[in-house]
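Participant: Here the sequence shown stands for residues 211 to 600, where the numbers follow our numbering.
Ideal Cβ positions, reconstructed from N, Cα and C, are used throughout, including at glycine.
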Amino acid sequence: MKKYLITMVVIVACIMGASSAVWASAMAELIEHIGVAKIVSMEIRPLYRVTEETLAWLKAENVPEQICLNPQLLSLKDQTYDGRDAFLSALERALDSADLDQEIEGDTVRILLLRYARQRPSERHSGILDVAIDISNSNDRDIKLTESLFDFSLRDEEAMGGMIQLGKDVVYRNTDIDLPANPEHDPEKVTRVVFSIELQDERKSSFDPLVHLLNFSGNPAQDDYLFVNARFTLGMKSSKGWTYGEAIRVEWMFCPDMQNQLPLQECFIELPPPAPDFPGTVSSPLSIACDNLVKAGRNIIKKRTDYYIADLGETAGTFHLDFETYTEPDQILVEYEGKVLYDTGCVGASGSETIAYSGTTSSMKVSVTSRCRRVGPSVTDWDFKLSCPE
211 MKKYLITMVV IVACIMGASS AVWASAMAEL IEHIGVAKIV SMEIRPLYRV TEETLAWLKA
271 ENVPEQICLN PQLLSLKDQT YDGRDAFLSA LERALDSADL DQEIEGDTVR ILLLRYARQR
331 PSERHSGILD VAIDISNSND RDIKLTESLF DFSLRDEEAM GGMIQLGKDV VYRNTDIDLP
391 ANPEHDPEKV TRVVFSIELQ DERKSSFDPL VHLLNFSGNP AQDDYLFVNA RFTLGMKSSK
451 GWTYGEAIRV EWMFCPDMQN QLPLQECFIE LPPPAPDFPG TVSSPLSIAC DNLVKAGRNI
511 IKKRTDYYIA DLGETAGTFH LDFETYTEPD QILVEYEGKV LYDTGCVGAS GSETIAYSGT
571 TSSMKVSVTS RCRRVGPSVT DWDFKLSCPE
């Protein structure tokens, strides 16, 4: 009897999984009507499980394949939940996230055009570039971008495939961007976002031509493009509030319209494949020198391990390890001739350690495991430096 009741709960849950706003209350009522209260009165704790049959029911009910194959939903398989509320909560979160992931795959959050770009003086830096961009959300639900990082760059005419890094936005690091639903592409519902990019001293020589290009006071070249590399946690509004998915990364690119000198419009051009995320692998670690700061290079979303070989120049001595793993935990391991000299552990912190060594080689192996323990939806970053021996 107990097995039959639990199976019914799972099947009902899956049939109604496509619409979290409706199925949650309906499912709660159905569960009450199949006797869960009687089981509890018998002091038998009801356990809920998602099985292979559960996922098959989803497909049979014409739930979109993107949702059925969503990793967060598949991760529930063979998981046991202690009680109805825990089961409903886990299933609702998974289905909301699956629905969210499905909708953002279709290019539904897009930059429409660049309104203007102008330079203004800054006391701390050589200049700030204000860039106003219109962003449209063609989903049928409101969207929010949180924990955002926006990098701006320009194609370098003098280097094949090279980029001039302009800088990062400083306005929306800790400020949400709200994008109202606009499935009908109503121009009145477009969100205008003004980014402020801190331009460093070494970029000063590019100020005038950049502003010249973006304001179209001259005739820009056909292959001058502005690149916006965005990383953010995307939230979608439902009847129960905001649901947040994984941190995602998108790249927007613009090219100028030459004929009418209109604001920059979308230009769909295939970019060369990005360089691999891994700086070094087990079979081919990256060589570094002592006293050089090593950085992750970009914000990392998935767990991975990078390997480095540091040449300290001496076979014995004392050196300092300085590291910073920021909020999301990472792990840095220092090895010498097969022996672990220091292990930071899986931490999100900064630190400094003095390490002594003695042997027959001057090479030190450093392994960095990013996102060794996930504590939130955000991306991770890290850096470290091995000093030359004293």
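As a quick exercise: from Leu-376, Ile-498 and Ile-345, pick the residue whose alpha carbon is nearest that of Leu-522.
Facilitator: Ile-498
Participant: Please state whether DSSP places Glu-357 in a helix, a strand or coil.
Facilitator: strand
Participant: Do you know offhand how far Thr-579's Cα is from Ile-565's?
Facilitator: 20 Å
Participant: Applying the 10 Å Cβ sphere with the 16-neighbour rule, what's the burial state of Asp-396?
Facilitator: exposed
Participant: Taking just the CA atoms, how far does Thr-515 sit from Leu-531?
Facilitator: Within the model, the alpha-carbon separation for Leu-531 versus Thr-515 is close to 18 Å.
Participant: Using the C-alpha atoms, what's the distance from Lys-354 back to Glu-394?
Facilitator: 19 Å
Participant: Measuring only the C-alpha atoms, how far is Ser-201 from Ser-494?
Facilitator: There is no way to answer for residue 201, as the model of the chain reaches only from 211 to 600.
Participant: Run through DSSP, which three-state label would Gln-289 get?
Facilitator: coil
Participant: Below 8 Å on the Cβ atoms is my contact criterion, and I expect Ile-519 with Ser-573 to pass it. Report the Cβ-Cβ distance as a whole number of Å.
Facilitator: That belief holds up - the Cβ atoms of Ile-519 and Ser-573 are roughly 5 Å apart, short of 8 Å.
Participant: Cutting at 7 Å between CB atoms, please list the residues of its own chain near Ser-348, excluding the five before and the five after it.
Facilitator: Thr-318, Asn-392, Pro-393 and His-395
Participant: Distance, Cα to Cα, Arg-402 vs Thr-535?
Facilitator: 34 Å
Participant: What number of angstroms, rounded off, separates the C-alpha of Asp-593 from the C-alpha of Ala-506?
Facilitator: 6 Å
Participant: Quick one: Cα of Leu-283 to Cα of Asp-386, how far?
Facilitator: 27 Å
Participant: Around the C-beta of Lys-549, are 16 or more other C-beta atoms found within 10 angstroms, so that it is buried, or is it exposed?
Facilitator: exposed
Participant: Under the DSSP definition of a beta bridge, which residues are partnered with Val-628?
Facilitator: In the structure as shown, the chain starts at 211 and stops at 600, and residue 628 therefore has no counterpart that could be examined.
Participant: Closest to Leu-279 by C-alpha separation, out of Phe-437, Ala-266 and Ala-342, would be which residue?
Facilitator: Ala-266
Participant: By how many angstroms is the C-alpha of Glu-538 removed from the C-alpha of Cys-582?
Facilitator: C-alpha separation (whole angstroms): 9 Å.
Participant: Report all residues from its chain with a CB closer than 7 Å to the CB of Ser-597; omit the five preceding and five following residues, and keep chain order.
Facilitator: So the list reads Cys-500, Asp-501, Phe-529 and His-530, once near-sequence residues are dropped.
Participant: In terms of alpha-carbon separation, which member of Val-576, Leu-364, Leu-496 and Glu-524 lies closest to Val-544?
Facilitator: Of the listed residues, the one whose Cα sits closest to Val-544 is Val-576.
Participant: Is it buried or exposed for Gln-289, if we count other Cβ within 10 angstroms and need 16 for buried?
Facilitator: exposed
Participant: Give the straight-line distance between the Cα atoms of Phe-405 and Pro-599, rounded to the nearest whole angstrom.
Facilitator: 44 Å
Participant: Quick check on Glu-600: does DSSP put it in helix, strand or coil?
Facilitator: In the displayed model, Glu-600 falls within coil according to three-state DSSP, outside both helix and strand.
Participant: Using three-state DSSP, classify Leu-503 as helix, strand or coil.
Facilitator: Residue state for Leu-503 is assigned as strand, using DSSP reduced to three classes.
Participant: What separation, rounded to the nearest whole angstrom, lies between the Cα atoms of Lys-595 and Val-438?
Facilitator: Taking the straight line joining both Cα atoms gives about 30 Å.
Participant: Count the other C-beta atoms from every protein chain shown that fall within 10 angstroms of the C-beta of Thr-590, then say buried if there are 16 or more, exposed otherwise.
Facilitator: buried
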